[in-house]
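2 protein chains.
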Amino acid sequence: MNIRFCNARILTMADGMNIIENGELHVRGDKITYIGSTEKRENLTRQWDKTIDLKGNLIMPGFKNCHTHSGMTFLRSRADDLKLQDWLFNEVFPLEAKLTDEDIYYCTKLAILEYLTSGVTAICDMYLSPKAIAKATEQLGMRCVQCGALSGDVGEGKVEKMRELYNSLNGKHPLTSYRLGIHAEYTNTKANLEEMAKLVDELKAPVYLHNSETAREVEECKERYGMTPTAFLDSLGMFNYGGVSFHGVHVTDEDMDIMKKHNMSVITNPASNVKLASGIAPIERYLEKGINIGIGTDGPASNNCLDMFREMFLVTGLAKLRENNAAAVDAYRVLEMATVNGARAIGLDDSDVLAPGKNADLIVIDLHQPNMQPINNIVKNIVYSGSKSNVKMTMIAGKILYENGRFHVGEDEDAIYRDAQNVIDKM
Amino acid sequence: MNIRFCNARILTMADGMNIIENGELHVRGDKITYIGSTEKRENLTRQWDKTIDLKGNLIMPGFKNCHTHSGMTFLRSRADDLKLQDWLFNEVFPLEAKLTDEDIYYCTKLAILEYLTSGVTAICDMYLSPKAIAKATEQLGMRCVQCGALSGDVGEGKVEKMRELYNSLNGKHPLTSYRLGIHAEYTNTKANLEEMAKLVDELKAPVYLHNSETAREVEECKERYGMTPTAFLDSLGMFNYGGVSFHGVHVTDEDMDIMKKHNMSVITNPASNVKLASGIAPIERYLEKGINIGIGTDGPASNNCLDMFREMFLVTGLAKLRENNAAAVDAYRVLEMATVNGARAIGLDDSDVLAPGKNADLIVIDLHQPNMQPINNIVKNIVYSGSKSNVKMTMIAGKILYENGRFHVGEDEDAIYRDAQNVIDKM
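This is how it looks when you write it as structure tokens:
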């Protein structure tokens, strides 16, 4: 489809927070081909399959949900208000043990619908059954970077399986990619981690992982190895080709230096961190150190929603609280994290800003709603008072997948709801 | 209008968190007349002006936004990311000084539209120009409890003016009431407060106020009077007929005992408290003491949105963080605060639960959206993953004011947006 947007405000994010007024954006196939002021030729509409008059609404890059476990939708509201250990060992793990690949396929589809309502155009997913996840995301049209989650016993051939997934999921479908990953330091033996470091060396690839989410995790690692998780894994060569730390709540200055040295990114998940009482990540300090930051929702069992607007407010709000300074981590920094910097963190360099040649991964924000009025500052409106109700359209790879509250994913949403409900009902 | 809802799930909140399945709710005029299972008579529809098949969606009491400054919408996104003193003295106060009664009327109307999108059926508003606020809320159909905001110099006849407002705004319109109020301890002289305490004695009425929002405010009061604001005001007899503390972030056990003794309520405003780096209110401790709690958004200059879903998540999330306990302040307690307990805090005893004879102040939550699926626990879905996008209908006093994204307030929303924009543009 060739689509022309006109009468748009456009926040490309290629030029700071400048907004093009009365702008025009063209999409051909899966790419953006033009961004600029509205053209005047009278016969312009003839070239387009569709012309969309945005009436002053805003086009901007879609949000990148840089850490999630989509398949956990079946657990939403099933196990809340529990202490972390009760939650994990008495609720999450026993129910997860019953999941089939097909269950994960259904639950991932439900999550994708929710991402679309929140303007998410790419996810970084870590969960069981990578091929089922790829099937769901490719079918519905979601851009997905998956990562491995090594844990347990490598004697089970898990590292070999990860090599196989790395080779079979990368380069096969334009929406899908796969990164090396370990679940966390605390869920692996040293032998596992050493085996993984060899694979890193062989593939020369970054490693994604849960890192320093809780104080307890860090303390136990120091007891085991005399080092923080970041320092210990670095000592094994795990980050020689970079990496991505999910959470990064409890880190030292030395940890940050290691991350900076290896050009690693941090993904912050504030809603999950407060709901599980894990703490507040030192966002301002990361920014001072020049470490790239993205934002994730974490999974629906711990959050429980997959809404980047809530996350954005929490990133800035919690930073202000943590630093005891209402000027800390302003709205501009947060919007960069949720979009451009998130894209860069998870290796989606063609889906970062809006520019000709970039992937047409974009959203339309409805400014004609009371929470977006008056228009004193659009970026601050989005970060401080924005809501998923303002997402008027979500486009991924040039396809309109969600518009005006309706899904266009080639499947009936009620059937997706039923399939997901069935997963938990039969347990 | 006589309206019949059928095929509804109904959370009356008169019976804990029990939900009536396949329920029926009738509204005649401004009251609820029936709640129960669906009636079978074939000619039932003939009696109704409108029958609404909810297809399994949920009816519940509307949210009570128990602390706001609606007229401050003109400042939304105008002054963020500033330290509190800069924000207040360099931005808020100079711009507020230019506001006319008419400006506040326009800005309040904008806020009312936003409340409706978030399922708010009553507000407790503290702002300049009470008569302009009453005009706006009565015209658009919002239930509004206003409170005074004594500050400055009582020599200007302010206490007399409050008595006049108390008499002229109470009992005149079914949607409007007015309570005594002082802005805060720190914005009043002792003479003001003594004068106010006399009025309390005369009218035998509770007093609403900003109380112990910041640590600095408490410290300065202790320097002035050797007591916390709560203790000092109590010593003047200010709370002899009860009262409502907005914020209540920095309080002692003795403060809580005073509140409990006078049957006072606390209104927590978590988004504002994090954005201005004021701190986290001790919600769990208030609950332990048996003190009634409601929830407010505070004004759009400090929040910046007027969205009770964000507030609900923050109440539980921040409590979990503060107590370092993921089991703290669960979803049930939070939903009670946002609805029933909020209503009781601000004296709206006829708008608390859903029951025959109560005001028809209710909302419909759309469960047919991905963030409400699967249905493991509806209350937890609302508190942990709910969003204003789930508000399918907002009804106040039997009138449908918002339904399926459209307003029915008798005025064009674009005109309201324009009038509010004009207020800030002309400054």
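Just so you know, the sequences run in chain order A and B.
All residue numbers for the first sequence refer to this note's numbering, where the first residue is 1 and numbers rise by one.
All residue numbers for the second sequence refer to this note's numbering, where the first residue is 1001 and numbers rise by one.
Here a beta-carbon is modelled for each residue, glycine too, at the ideal position from N, C-alpha and C.
Taking G1029 (chain B) as reference, the option from B:I1400, B:L1165, B:P1094 and B:M1427 with the minimal CA-CA separation is B:I1400.
Exclusion of the five residues before and after S37 (chain A) leaves I20, N22, G23 and E24 as the residues of its chain whose Cβ lies within less than 8 Å of its Cβ. The beta-bridge partner set that DSSP reports for L165 (chain A) is empty. Scanning chain A for C-beta atoms nearer than 8 Å to the C-beta of A1420 (chain B) yields Q373 and P374, reported in chain order. Within the DSSP bridge table, the entry for P61 (chain A) names A:L362 as partners. In this chain, C1006 (chain B) is not harboured by any alpha helix (DSSP H); it is covered by the beta strand (DSSP E) spanning N1002 to I1010.
Chain-order list of chain A residues neighbouring K1320 (chain B): V274, K275, L276 and A277, by C-beta distance under 8 Å. Taking C-beta separations shorter than 7 Å and ignoring five residues to either side along the sequence, the partners of S1235 (chain B) in its chain run M1227, following chain order. Classified as buried, D352 (chain A) has 16 or more neighbouring CB atoms from the shown chains inside 10 Å of its CB. The secondary-structure analysis by DSSP pairs Y1178 (chain B) across a beta bridge with B:Q1146.
For the region 1323-1355 of chain B, the set of positions with a beta-carbon nearer than 8 Å to some beta-carbon of chain A reads E1323, N1324, N1325, A1326, A1327, A1328, D1330 and A1331 in chain order. In the three-state DSSP reduction, A319 (chain A) falls in the helix class (H, G or I). Taking 8 Å as the upper bound on Cβ-Cβ separation, chain B lies near residues L110, A111, L113 and E114 of the region 100-115 of chain A.
Counting along the chain, Y417 (chain A) sits inside the alpha helix (DSSP H) bounded by residues E413 to D425.
Just so you know, the alpha carbons of N1211 (chain B) and D1103 (chain B) end up roughly 28 Å apart. A contact between stretches requires three or more CB pairs, one per stretch, nearer than 8 Å, and the region 1106-1124 of chain B meets this requirement with the region 1297-1308 of chain B. Ranking A:L169, A:C147, A:G237 and A:H67 by CA distance to the CA of E138 (chain A) puts A:L169 first. The Cβ-Cβ distance between E1311 (chain B) and I1291 (chain B) does not fall below 8 Å. Within the region 1059-1116 of chain B, the runs of alpha helix (DSSP H) at least 4 residues long that lie entirely inside it are, in chain order, 1093-1096. Put simply, the CB of P229 (chain A) is far from chain B, with every gap to its CB atoms at 8 Å or more. The beta-carbon of S385 (chain A) is placed less than 8 Å from the nearest beta-carbon of chain B. Three or more Cβ pairs closer than 8 Å define a contact, and the region 74-88 of chain A meets that threshold against the region 1329-1340 of chain B. Taking 8 Å as the upper bound for CB-CB distance, L1314 (chain B) and P1270 (chain B) are in contact here, some 4 Å apart. For F246 (chain A), the enclosing beta strand (DSSP E) has its first and last residue at G243 to H247. A straight line joining the alpha-carbon of I363 (chain A) with that of K392 (chain A) spans about 7 Å. Inter-residue distance for E1164 (chain B) and L1180 (chain B) is about 11 Å (C-alpha atoms, whole angstroms).
Around the beta carbon of G157 (chain A), fewer than 16 other beta carbons lie within 10 angstroms, which makes this residue exposed. For the region 116-127 of chain A, the residues whose beta carbon sits under 7 Å from a beta carbon of chain B are, in order, T117. Excluding five sequence positions before and after K289 (chain A), the CB atoms of its chain that fall closer than 6 Å to its own CB belong to M256 and K260, given in chain order. If you check the CB distance, V207 (chain A) and G237 (chain A) do not come in under 8 Å. One finds nothing in chain B with a Cβ atom closer than 8 Å to the Cβ of R285 (chain A); even the nearest lies about 16 Å away. Residue-level contact by beta carbon fails for L193 (chain A) and chain B, as no gap is shorter than 8 Å. Contact annotation: G1062 (chain B) and T1012 (chain B) have beta-carbon atoms that are not nearer than 8 Å.
Spanning the alpha carbons of T252 (chain A) and L233 (chain A) requires a straight line of approximately 14 Å. Collapsing the DSSP output to three states places E185 (chain A) in a helix. Residue state for L1199 (chain B) is assigned as helix, using DSSP reduced to three classes.
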